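J.: First, the structure itself, so that you have it in front of you.
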Amino acid sequence: MTRLSPSETFFRTAELDRAAADGDKRTVELSFSSELPVQRGSFYEILSHADGHCDLSRLNSGHPLLLNHDTEQLIGVVESARVDADKKGRATVRFSKSQKADEIWRDVQDGIRRLVSVGYRRTEELGAEVKDGRELVRFAWQPYEISLVSVPADATVGVGREQTLESQQPEPEKPKNPEPEKEQRIMSDKIESVVEQKPDTRAKEILAMAKRMSDKVAGVREMADKAIESDLSVESFRQQILDNLPKAEAVAPKIEKFTARDISGYSITRAINGIMNGRLDGLERELSDEIALRSGKAATGFWLPNEVLGQRNAVAGTGTLGGMVVATQNLGSEFVELLRSQAVVGQLGARMLQLSSNVTIPRQNGAGTVNWAATETSASTLSGVNFTQLTLSPKCATSEMQYSKQLLATSNPSIDAIIRDDAIKSIALAIDLAAFHGAGTSGEPTGIVNTTGIATVALGTNGSALTTANAYASFVSLETEIATDNADVGSLAYVINAATRGKLKSITKTGLDSTFVWEPGNTVNGYRTAISNQLKTNLTKGTATTICTAAFFGNFNDLLIAEFGTGTDVVVDPYTLASNRVVRILTNKWVDIGVRRPQSFSAILDIIN
38 MTRLSPSETF
48 FRTAELDRAA
58 ADGDKRTVEL
68 SFSSELPVQR
78 GSFYEILSHA
88 DGHCDLSRLN
98 SGHPLLLNHD
108 TEQLIGVVES
118 ARVDADKKGR
128 ATVRFSKSQK
138 ADEIWRDVQD
148 GIRRLVSVGY
158 RRTEELGAEV
168 KDGRELVRFA
178 WQPYEISLVS
188 VPADATVGVG
198 REQTLESQQP
208 EPEKPKNPEP
218 EKEQRIMSDK
228 IESVVEQKPD
238 TRAKEILAMA
248 KRMSDKVAGV
258 REMADKAIES
268 DLSVESFRQQ
278 ILDNLPKAEA
288 VAPKIEKFTA
298 RDISGYSITR
308 AINGIMNGRL
318 DGLERELSDE
328 IALRSGKAAT
338 GFWLPNEVLG
348 QRNAVAGTGT
358 LGGMVVATQN
368 LGSEFVELLR
378 SQAVVGQLGA
388 RMLQLSSNVT
398 IPRQNGAGTV
408 NWAATETSAS
418 TLSGVNFTQL
428 TLSPKCATSE
438 MQYSKQLLAT
448 SNPSIDAIIR
458 DDAIKSIALA
468 IDLAAFHGAG
478 TSGEPTGIVN
488 TTGIATVALG
498 TNGSALTTAN
508 AYASFVSLET
518 EIATDNADVG
528 SLAYVINAAT
538 RGKLKSITKT
548 GLDSTFVWEP
558 GNTVNGYRTA
568 ISNQLKTNLT
578 KGTATTICTA
588 AFFGNFNDLL
598 IAEFGTGTDV
608 VVDPYTLASN
618 RVVRILTNKW
628 VDIGVRRPQS
638 FSAILDIIN
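Just remember that the working numbering sits 37 ahead of the position in the sequence shown, which is counted from 1.
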């Protein structure tokens with residue numbers, strides 16, 4: 038029987054060194070082969086690592102990383118493979134972000150899983166010699182699959198290990214299988230179907246991906262046909278799709294939140310530095326690519342997952358631009374942040390929606406009527422029920438921040454928290470302001486003030502200052518306007534600015550006693566009252582030359598804040614302020630605002646403070 042056995046599958050096992058794992062990139066480099074002899078029955082096998090004797094074409098075409106040689110358990114991909122001058126085969130493998138792969142990856146990092154098995158075939162018998170009473174046969178060969186395994190077939194090489202011929206223990210003869218050739222053929226066919234990605238498997242995956250992206254990438258079906266014809270791997274086709282996605286404009290069609298495990302180790306500053314250096318890499322690139330596929334839109338810079346934000350202008354040498362954060366013995370946890378207005382609509386009970394595309398919400402405008410029949414045979418009176426629609430569509434909120442290059446290079450963990458905090462609060466305040474005063478034009482959402490149907494209470498023809506004569510009565514009138522429309526239910530509250538609060542603390546309800554309009558427990562007229570300096574102070578009324586401000590009352594459960602997509606588009610601009618060594622960061626977020634029932638809100642728009 039020939040010793041070549043080109044159709045027979047063999048395995049060699051290596052032991053992983055967890056120190057070779059890169060937690061950020063989710064990769065590990067391993068040694069999978071050497072020229073160490075391994076006993077194969079009556080002879081010892083040597084895999085030649087001379088030029089041209091090791092065919093790495095399969096491993097280097099993005100082949101799968103499996104678990105226990107099970108073709109149904111793909112946990113990653115072989116990124117690259119090579120033969121080094123020390124005559125060892127080495128590969129870099131990257132773990133996927135699936136739940137199973139993530140569990141295995143964590144076991145690798147913890148040193149629990151250490152064994153890697155490489156499947157290969159002999160392609161040519163190069164020659165034989167007898168040494169120390171043993172027949173050594175040298176083969177040309179082809180590795181084609183790498184697996185993490187629980188039990189090794191043999192342990193001949195490993196990361197950081199330098200074994201010699203004398204240290205190798207002979208492999209014991211394995212029990213004869215009554216049908217060895219059949220068993221080997223089954224295993225061979227099983228591995229081949231994944232490794233070679235035959236058309237019935239590879240083409241199916243490519244066509245499925247093309248179908249999913251048919252409405253987002255022009256000519257994707259033609260791309261798929263060419264990929265199948267040219268034996269392009271699924272991973273390479275996926276990258277083609279990413280490269281052909283249109284730039285970010287709108288929304289994500291599929292809403293799947295990332296878990297805490299998904300974003301563990303994510304660094305905003307590392308992503309920014311990667312973009313400045315011309316390459317986003319590691320976990321940051323994986324998540325950005327994933328959001329691009331979900332949304333069907335390529336980021337202008339990179340996609341920042343919303344879940345990372347859920348976790349500011351900052352210079353290393355200048356305190357106002359971030360120097361206080363990187364100073365010696367810096368207390369990043371004690372960072373003194375900018376004094377800002379308070380975002381209140383979320384605290385008051387506004388409904389937060391996670392949407393994937395434009396939506397319309399039916400809204401009933403009128404009810405049917407009930408009639409009493411005059412006689413037993415009198416006809417009923419026909420009445421209609423009227424409906425309208427509330428439409429929510431993405432509007433882009435953009436913020437800009439600046440950081441020095443020196444600050445970004447410090448890798449201080451507190452910088453990530455500051456950038457997140459800046460982005461969150463900047464966007465939250467923009468949403469808050471639009472919720473009250475959004476114009477509904479020029480790309481801005483429609484806020485409460487500009488929603489048709491809300492009630493208003495006037496202080497005077499040209500506005501008026503709050504006084505004992507009008508203050509308490511006007512705030513009660515805000516409640517009455519809503520109550521008469523049967524809308525005085527839900528999360529009811531007043532919203533005023535700090536100056537108005539100061540006035541109400543000094544104005545009595547009747548002028549006859551010391552009971553002030555501003556009541557204990559931060560309430561007015563028995564309702565909780567929030568303070569927001571987001572409320573505009575440049576409103577005008579009639580012929581008034583004095584600027585006015587506003588006060589609101591309503592059921593904030595009827596205010597909708599819609600967020601589109603699973604990420605924030607982050608654009609890194611290192612050029613505009615390059616002479617100052619300052620980097621501009623622009624963030625783009627798609628949101629909209631809507632009022633479910635206009636009758637649920639009332640406002641005073643002519644308070645002169």
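Where a beta carbon is used, it is the ideal one built from N, C-alpha and C, also for glycine.
All figures in this text were calculated on a predicted structure; none of them were measured in a lab.
1) Thinking C-alpha only, which one of P180, F80, L103 is nearest D169?
2) Can you check the segment 510 to 593 for any alpha helix (DSSP H) of at least 4 residues that lies completely inside it and give the ranges in chain order?
3) Kindly list the residues whose CB is nearer than 7 Å to the CB of V632, restricted to its own chain and excluding five residues on each side of it in sequence; keep chain order.
4) Give the C-beta separation of K442 and V620 to the nearest angstrom, bearing in mind that I take them to be a contact with Cβ-Cβ under 8 Å.
5) Does R316 come out as helix, strand or coil in the three-state DSSP assignment?
6) Whole angstroms is fine: what's the gap from I645's alpha carbon to K134's?
7) For R49 versus V155, is the C-beta distance shorter than 8 Å?
8) Give the DSSP bridge partners of A118, in chain order.
9) Which residues bound the beta strand (DSSP E) around D280?
10) When you compare the segment 554 to 561 with the segment 463 to 482, are there three or more beta-carbon pairs, one atom per stretch, that lie closer than 8 Å?
11) Hey, is the segment 565 to 575 in contact with the segment 533 to 541, meaning 3+ C-beta pairs nearer than 8 Å?
12) Looking at A335: is its Cβ nearer than 8 Å to the Cβ of L392?
13) Alpha carbons only, please: which of G256, I456, F274, R634 is nearest the one belonging to A240?
14) With DSSP as the reference, identify every bridge partner of P399, one or two as the case may be.
15) Would you mind reading off the limits of the beta strand (DSSP E) that contains V628?
16) Ignore the nearest five residues each way along the sequence and tell me which others in K124's own chain have a CB closer than 6 Å to its CB.
17) Spatial neighbours of I491 within its chain, please: C-beta separation below 7 Å, excluding the five flanking residues on both sides.
18) Whole angstroms are fine: how far does the CA of Y531 sit from the CA of F590?
19) Any beta carbon of chain B sitting closer than 8 Å to that of A588?
20) From P189 to S68, what does the alpha carbon distance come to, in whole angstroms?
21) Rounded to the nearest angstrom, what separates I309 and A380 at their Cα positions?
22) Taking all protein chains shown into account, do 16 or more other C-beta atoms lie within 10 angstroms of the C-beta of Y612, making it buried, or fewer, making it exposed?
23) So, do the segment 116 to 130 and the segment 86 to 106 have three or more beta carbon pairs nearer to each other than 8 Å?
24) When you compare only the Cα positions, how much space is there between L341 and I305?
25) If you run the structure through DSSP and keep just helix, strand and coil, what is Q76?
26) For H474, which of S528, I461, T574 has the nearest alpha-carbon?
27) Specify the secondary structure class of S94 as computed by DSSP and reduced to three states.
28) Measuring CA to CA, which of E140, R158, L466 is closest to R150?
29) For the beta strand (DSSP E) that contains I141, what are its first and last residues?
30) When the distance is taken between beta carbons, is L102 closer than 8 Å to G113?
31) Would DSSP call I485 helix, strand or coil?
32) On the premise that F593 lies in contact with G386, defined as a C-beta separation below 8 Å, what is that separation, rounded to the nearest angstrom?
33) Could you tell me the alpha carbon to alpha carbon distance between R388 and L269, rounded to whole angstroms?
34) If you compare alpha carbons, which of V382, Q426, G383, L390 is closest to P399?
35) For A588, tell me which candidate among T160, N617, L623, L496 has the shortest Cα-Cα distance.
36) Which residues bound the alpha helix (DSSP H) around Q443?
T.: For this structure:
1) F80
2) 535 to 543, all fully within the segment 510 to 593.
3) Counting only Cβ-Cβ distances below 7 Å, and skipping sequence neighbours, we find I485, T488, D595, L596, F638.
4) That belief holds up - the Cβ atoms of K442 and V620 are roughly 6 Å apart, short of 8 Å.
5) coil
6) 57 Å
7) yes
8) In DSSP, A118 forms a bridge with A128.
9) Premise fails: D280 lies in the alpha helix (DSSP H), 271 to 281, not in any beta strand (DSSP E).
10) No, the segment 554 to 561 does not touch the segment 463 to 482.
11) yes
12) no
13) F274
14) Q426
15) 619 to 632
16) E72, H86
17) Excluding positions up to five away in sequence, the list reads I485, P635, F638, S639, A640.
18) Looking at the two C-alpha atoms, the distance is approximately 4 Å.
19) In summary, chain B is missing from the structure at hand, where a single protein chain is found.
20) Bear in mind that a pLDDT of 49 at P189, under 50, signals an unreliable position, so the number given afterwards is only what the model happens to contain. Approximately 15 Å, taken between the alpha carbons.
21) Roughly 27 Å separates the two Cα atoms.
22) exposed
23) yes
24) Approximately 8 Å, taken between the alpha carbons.
25) strand
26) Comparing Cα positions, the closest option is T574.
27) coil
28) E140
29) Looking at the DSSP string, I141 is not in any beta strand (DSSP E); the run it does join, the alpha helix (DSSP H), is 136 to 146.
30) yes
31) I485: coil per DSSP, three-state reduction.
32) 4 Å
33) 46 Å
34) Q426
35) L496
36) 442 to 446
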